[in-house]
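Using full-length UniProt numbering, read the sequence shown as starting at 1 and increasing by one per residue. Don't be surprised by glycine CBs; every beta carbon is placed ideally from N, CA and C. I have placed the structure first, in the form of C-alpha cells, so that the comments after it can refer back to it.
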Amino acid sequence: MEMEIEQLEKVASQVRRDIVRMVHGCQSGHPGGSLGCTEILVALYFEQMKLNEENGKPVFDMNGQGEDLFFLSNGHISPVWYSVLAHRGYFEKSELATFRKLDSRLQGHPTTHEHLEGIRIASGSLGQGMSAAIGSALAKKLNKDDLTVFVLMGDGEQQEGQVWEAAMFAPHHEVDNLIAIIDLNGQQIDGPTLKVMNNRDLGKKYEAFGWEVISVEEGNDMTAVVKGLYEAKGRLGHGRPILILLHTGMGYGVDYMMGTHKWHGTAPNDDQLAVALAQLEETLGDY
Numbered sequence: 001m002e003m004e005i006e007q008l009e010k011v012a013s014q015v016r017r018d019i020v021r022m023v024h025g026c027q028s029g030h031p032g033g034s035l036g037c038t039e040i041l042v043a044l045y046f047e048q049m050k051l052n053e054e055n056g057k058p059v060f061d062m063n064g065q066g067e068d069l070f071f072l073s074n075g076h077i078s079p080v081w082y083s084v085l086a087h088r089g090y091f092e093k094s095e096l097a098t099f100r101k102l103d104s105r106l107q108g109h110p111t112t113h114e115h116l117e118g119i120r121i122a123s124g125s126l127g128q129g130m131s132a133a134i135g136s137a138l139a140k141k142l143n144k145d146d147l148t149v150f151v152l153m154g155d156g157e158q159q160e161g162q163v164w165e166a167a168m169f170a171p172h173h174e175v176d177n178l179i180a181i182i183d184l185n186g187q188q189i190d191g192p193t194l195k196v197m198n199n200r201d202l203g204k205k206y207e208a209f210g211w212e213v214i215s216v217e218e219g220n221d222m223t224a225v226v227k228g229l230y231e232a233k234g235r236l237g238h239g240r241p242i243l244i245l246l247h248t249g250m251g252y253g254v255d256y257m258m259g260t261h262k263w264h265g266t267a268p269n270d271d272q273l274a275v276a277l278a279q280l281e282e283t284l285g286d287y
C-alpha cells in the first residue's frame with residue numbers, strides 16, 4: 001500500500017486520537033512515546049512495508065515469508081502500534097476499546113500469547129527487540145527471501161547491554177536486510193536521557209560498530225520520515241545494516257504532553273482528554 005503524504009497525515013491524526021482515548025479509557029499506559037512515534041509507524045505500515053494481502057487486507061502468519069517484518073522493541077508504546085494495526089486492517093478498530101482491560105488481547109505490552117494479528121514477539125522487556133529482528137533477518141537470508149526487517153527501539157533502551165551485543169553482531173554477520181530505528185526523544189521514565197544515563201553520540205557509536213547511519217531530524221514530519229525510510233531502504237544489500245536516528249518529540253501533537261518525561265506513563269483525566277482531542281482532528285472516525 002502506498003499513500004500520499006496528506007493521506008498519511010490524516011491517518012496519523014486519527015491514530016493520535018486513538019492513543020489518548022485508549023490510555024484514558026483504562027487510566028493506564030504510555031501516551032508520550034506513542035504520540036512521538038506515530039509518523040514512523042504510519043509511514044511503515046501505510047506507505048513503506050510490503051505486506052502479504054488479500055482483498056486489500058493483510059493476511060497474517062507468524063513466519064512472514066515474502067513480506068517485510070516489523071518488531072517493536074520498546075513495547076510499552078503499544079497504543080500507537082495497536083491503532084496502526086487496526087486501521088491497516090489486522091483486526092477491528094472496535095477492539096481498541098478493550099486496551100489493557102480484563103480478557104483483552106490488547107495488553108499493555110504486546111504478547112503473542114493472546115494471538116493478536118500482527119504481533120510476532122512479546123516485547124517491552126527492553127533491549128531484546130534488535131536481537132529478535134536480527135534472527136528474523138538471517139532467517140530471510142536462509143530462505144532466499146529478499147524482503148526487509150525493521151525494528152524500533154527507544155533511546156533510553158540504548159542503555160541496555162544486549163542492544164550493544166546485537167549492534168556488534170549485525171555488521172559482523174553482514175545483516176544487510178535490517179533497518180533499525182531509534183526514537184530519539186531525549187526522555188525516559190525517570191527524566192531526560194542526558195541526566196539518567198547520557199547516551200552521548202549514538203550515531204558515532206553505531207558507525208564505529210559498522211552500521212550505516214541516517215539521521216532524520218524532523219521525525220514528526222511525515223515527508224521527512226518517508227524520505228528517510230526510502231533512503232534507508234536504498235542503502236540495503238551492501239553488507240551493512242542500516243540505522244535511522246529518528247528525532248521525535250515526546251507527546252507530539254498534544255501541547256501539554258510535549259517534551260516532558262511526565263507523560264511517559266501517565267493517563268490523562270477527563271478534562272485533559274478533552275483538551276487533547278480538541279487538538280487532534282478526527283479524520284477516520286473514532287472507534
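- In its chain, beyond the 5 residues on either side, R17, V20, R21 have a beta carbon closer than 8 Å to the beta carbon of L277.
- Shown here, D183 sits in a strand according to DSSP, grouped into three states.
- Judged by DSSP secondary structure, F169 falls within the alpha helix (DSSP H) whose first and last residues are 161-172.
- Q27 and H173 have their alpha carbons spaced roughly 44 Å apart.
- Short of 6 Å from the beta carbon of I5, and not among the five residues preceding or following it, lie these beta carbons of its own chain, in chain order: M222, T223.
- DSSP, reduced to helix, strand and coil, places S28 outside both helices and strands of the structure shown, so it counts as coil.
- In terms of Cβ geometry, V149 and S136 form a close pair [threshold 8 Å].
- DSSP places I134 in the helix class (H, G or I) of the three-state scheme.
- Beta-bridge analysis with DSSP links L246 to D183, V216.
- Less than 8 Å separates the beta-carbon of G127 from that of E160.
- Take M49, set aside five residues on each side of it, and the residues of its chain with a beta-carbon closer than 6 Å to its own are D68, in chain order.
- The DSSP-derived three-state label of G203 is helix.
- Rounded to the nearest whole angstrom, the CA to CA distance from N55 to E92 is 16 Å.
- In the DSSP assignment, P192 forms a beta bridge with Q187.
- At least 8 Å separates the beta-carbon of G108 from that of D155.
- Here the alpha carbons of K141 and Y230 stand approximately 21 Å from one another.
- In the displayed model, M153 falls within a strand according to three-state DSSP.
- For H87, the number of other beta carbons within 10 angstroms of its own is at least 16, and it is reported as buried.
- Separation of K205 and M258 (C-alpha to C-alpha, rounded to the nearest whole angstrom) is 28 Å.
- Judged by DSSP secondary structure, L72 falls outside any alpha helix (DSSP H) and instead within the beta strand (DSSP E) spanning 69-72.
- Going by DSSP, G228 is part of the alpha helix (DSSP H) stretching over 222-234.
- Note: P241 is not bridge-paired with any residue in the DSSP secondary-structure output.
- Assignment of beta-bridge partners to P79 by DSSP yields no partner.
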